[in-house]
Every structure is written in structure tokens, then in C-alpha cells.
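Worksheet for the structure shown next.
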Amino acid sequence: MDLSYDDVQEILKIIDSSSVEELHLEIGDFKLVVRKKGATTSVEGSLTAAAEDAGAAERSAQPGAVWPEGGADSAAVAGARAVAGARAEARSRPVRQGGHEVKAPMVGTFYRAPAPGAPPFVELGSLVTEDDTVGIIEIMKLMNSIKAGCRGRVVEICVENGTMVEFGQTLTVIEPLG
Numbered sequence: 006m007d008l009s010y011d012d013v014q015e016i017l018k019i020i021d022s023s024s025v026e027e028l029h030l031e032i033g034d035f036k037l038v039v040r041k042k043g044a045t046t047s048v049e050g051s052l053t054a055a056a057e058d059a060g061a062a063e064r065s066a067q068p069g070a071v072w073p074e075g076g077a078d079s080a081a082v083a084g085a086r087a088v089a090g091a092r093a094e095a096r097s098r099p100v101r102q103g104g105h106e107v108k109a110p111m112v113g114t115f116y117r118a119p120a121p122g123a124p125p126f127v128e129l130g131s132l133v134t135e136d137d138t139v140g141i142i143e144i145m146k147l148m149n150s151i152k153a154g155c156r157g158r159v160v161e162i163c164v165e166n167g168t169m170v171e172f173g174q175t176l177t178v179i180e181p182l183g
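The sequence shown maps to residues 6 to 183 in the working numbering.
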């Protein structure tokens with residue numbers, strides 16, 4: 006099993022959102038050691054990166070880091086900008102009063118449909134029950150179903166398909182029905 010740059014970024018985001026303070030991961034010749042609380046993150050073998058702020062998801066590659074295909078510094082910066090932009094957009098979006106907010110229970114990539122090209126689980130106006138799936142969140146190739154949590158009508162879809170989401174971010178809003 007090989008880990009890509011995106012896989013390593015996912016691992017770092019998951020560690021950031023958890024209470025784990027240190028992680029040692031070995032897959033074949035690939036070793037990843039992550040320490041929170043201001044310690045540096047090192048990946049021995051294929052790359053080296055720095056964890057500037059263990060509490061922030063915006064990580065960027067350390068200047069001079071060695072990446073197999075090059076261009077990692079700009080990819081890390083672009084990734085950090087995308088996460089920061091999603092955070093700012095989520096904070097600026099007004100919260101609908103009286104609706105049930107379905108929130109992300111984890112950090113990952115949100116998908117509205119079970120497969121590319123398939124119809125979405127729900128659309129605006131869809132009627133749902135507590136156990137209906139409103140989307141899935143992918144973490145390191147594992148798909149996690151997100152349930153509605155209440156019976157009602159979908160009145161807002163807050164996240165676009167394929168968007169990186171954070172723990173606690175509102176995904177959809179459901180207007181509860183009797």
C-alpha cells in the first residue's frame with residue numbers, strides 16, 4: 006500500500022481534530038511520525054514536512070521539503086487556502102433558525118451521492134426520516150454514511166459535492182415535521 010501526498014494531508018487533518026498527541030505510522034518503507042504541541046512532523050523516506058501549528062488544519066509544506074513528484078509546496082499552500090476558504094464561508098453563512106442541522110461528525114470529503122454520476126441522496130425539498138442517508142464522508146478511502154437524524158424536509162444543502170468538511174460543519178438543514 007502506498008500513501009499519496011493527499012493521504013498524508015488527510016492523516017494530518019484527522020490528527021488535528023482528535024485528542025491524539027502523537028502518532029507513529031509505518032507502511033512498508035514509509036514512516037510517519039506526528040507530534041502535537043509544537044513538535045515537528047517528520048516523514049522519513051519519501052518526504053519531510055513541518056507542523057507549524059498543531060491546532061490548525063492549514064498546514065503547508067516546509068520550504069525545501071523533498072517530494073517525489075515536486076510541486077508539493079504549492080500544493081500544500083493551495084490545500085491550506087481551500088480549507089481556510091471553506092472555514093470562512095461556513096462562518097459567514099447565516100444559520101437557519103428552527104431547523105435541524107446535520108453536522109459533519111468527522112473531517113473528510115463530503116459526497117452527496119453514493120457514486121460519481123449517481124443521483125444525490127437528497128435534494129432541496131426531499132422528505133427524510135431519521136435513518137435516511139443525506140451524504141457520505143470519505144476518510145482515507147473509507148466511506149461513512151451521514152444520517153438525517155430527524156424526520157422532516159431538506160430546506161438547505163450547505164456543502165457542495167466533493168468538498169472537504171470539518172468536524173461540526175453543517176452539511177444540510179432539515180425542517181422537522183410533526
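We put the beta carbon where it would ideally sit given N, CA and C, even for glycine.
Which word fits residue i, buried or exposed, when buried means at least 16 other C-beta atoms lie within 10 angstroms of its C-beta?
{"i": "residue 174", "result": "buried"}
{"i": "residue 25", "result": "exposed"}
{"i": "residue 15", "result": "buried"}
{"i": "residue 32", "result": "exposed"}
{"i": "residue 21", "result": "buried"}
{"i": "residue 129", "result": "exposed"}
{"i": "residue 18", "result": "buried"}
{"i": "residue 60", "result": "Confidence at residue 60 is low in this model, with a pLDDT of 34, below 50, so the placement of that residue should be treated as unreliable; the coordinate-derived value is given next. Burial call: exposed."}
Do you know whose CA, among the options, lies nearest residue i's CA?
{"i": "residue 116", "options": "125, 108, 110", "result": "125"}
{"i": "residue 141", "options": "127, 134, 181, 132", "result": "127"}
{"i": "residue 134", "options": "179, 155, 29", "result": "155"}
{"i": "residue 172", "options": "109, 12, 178, 132", "result": "109"}
{"i": "residue 23", "options": "34, 39, 11", "result": "39"}
{"i": "residue 11", "options": "30, 114, 34", "result": "114"}
{"i": "residue 180", "options": "120, 103, 168, 121", "result": "103"}
Taking Cβ to Cβ, would you say residue i is nearer than 8 Å to residue j?
{"i": "residue 107", "j": "residue 151", "result": "yes"}
{"i": "residue 153", "j": "residue 137", "result": "yes"}
{"i": "residue 170", "j": "residue 112", "result": "yes"}
{"i": "residue 149", "j": "residue 118", "result": "no"}
{"i": "residue 105", "j": "residue 157", "result": "yes"}
{"i": "residue 163", "j": "residue 147", "result": "no"}
{"i": "residue 37", "j": "residue 13", "result": "yes"}
{"i": "residue 161", "j": "residue 178", "result": "yes"}
Verify the CB distance criterion: does residue i have a CB-CB separation below 8 Å to chain B?
{"i": "residue 34", "result": "Looking for chain B here will not work: only one protein chain is present."}
Q: Jot down the residue ranges of each uninterrupted beta strand (DSSP E) in the segment 18-42, minimum 3 residues, whole runs only, in chain order.
A: Contiguous beta strand (DSSP E) elements confined to the segment 18-42 occur at 27-32, 35-40, taking only those with 3 or more residues.
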